[in-house]
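For what it's worth, the working numbering labels the leading residue of the sequence shown as 14, then goes sequentially. Each residue gets a CB set at the ideal place from its N, CA and C atoms; glycine is no exception. Small disclaimer: the values here were computed from a predicted structure and weren't measured.
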Amino acid sequence: MGIFLGFTLINIILNFSLSLTSIFMAINIYCLTLLSVMNDRLNHIIKLNQVQKQQLLNRRVHDEIQKLNMKFNQDYKKKK
Numbered sequence: 014m015g016i017f018l019g020f021t022l023i024n025i026i027l028n029f030s031l032s033l034t035s036i037f038m039a040i041n042i043y044c045l046t047l048l049s050v051m052n053d054r055l056n057h058i059i060k061l062n063q064v065q066k067q068q069l070l071n072r073r074v075h076d077e078i079q080k081l082n083m084k085f086n087q088d089y090k091k092k093k
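1. Using a Cβ-Cβ cutoff of less than 8 Å, which residues in the same chain neighbour N28 once the five nearest sequence positions on both sides are dropped?
2. In whole angstroms, what is the alpha-carbon distance linking Y89 and N62?
3. Helix, strand or coil: which one does DSSP assign to F20?
4. Would you say I40 and F20 are within 8 Å of each other, going by their C-beta atoms?
5. Over the uninterrupted alpha helix (DSSP H) stretch that includes F100, give me the two end residues.
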């Protein structure tokens with residue numbers, strides 16, 4: 014966003030006018046900046062999703078181990 018504003022302000026100050034070309038250049042830079050920000054957000058969301066999937070998998074494995082441990086303890090108590 015800073016690049017967009019900087020380019021637009023410098024262009025206005027240097028040329029003392031706002032031409033159609035500079036408007037399109039500013040819009041193009043704004044769109045590229047917005048695309049870059051959205052790409053970063055999407056990558057962040059994907060990483061968060063992967064972490065949450067791994068946490069869920071770890072929780073399921075832990076629950077399964079707990080069940081087996083309880084079953085083993087119950088069987089061991091019955092044998093005594």
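Taking the definition as stated:
1. A distance below 8 Å between beta-carbons, with the five flanking residues on each side excluded, links N28 to the following residues of its chain, in chain order: S35.
2. Cα to Cα, Y89 sits roughly 40 Å from N62.
3. Residue state for F20 is assigned as helix, using DSSP reduced to three classes.
4. The answer is no: Cβ separation not under 8 Å.
5. Absent from the model: residue 100. The displayed extent of the chain is 14 to 93, so no value can be given.
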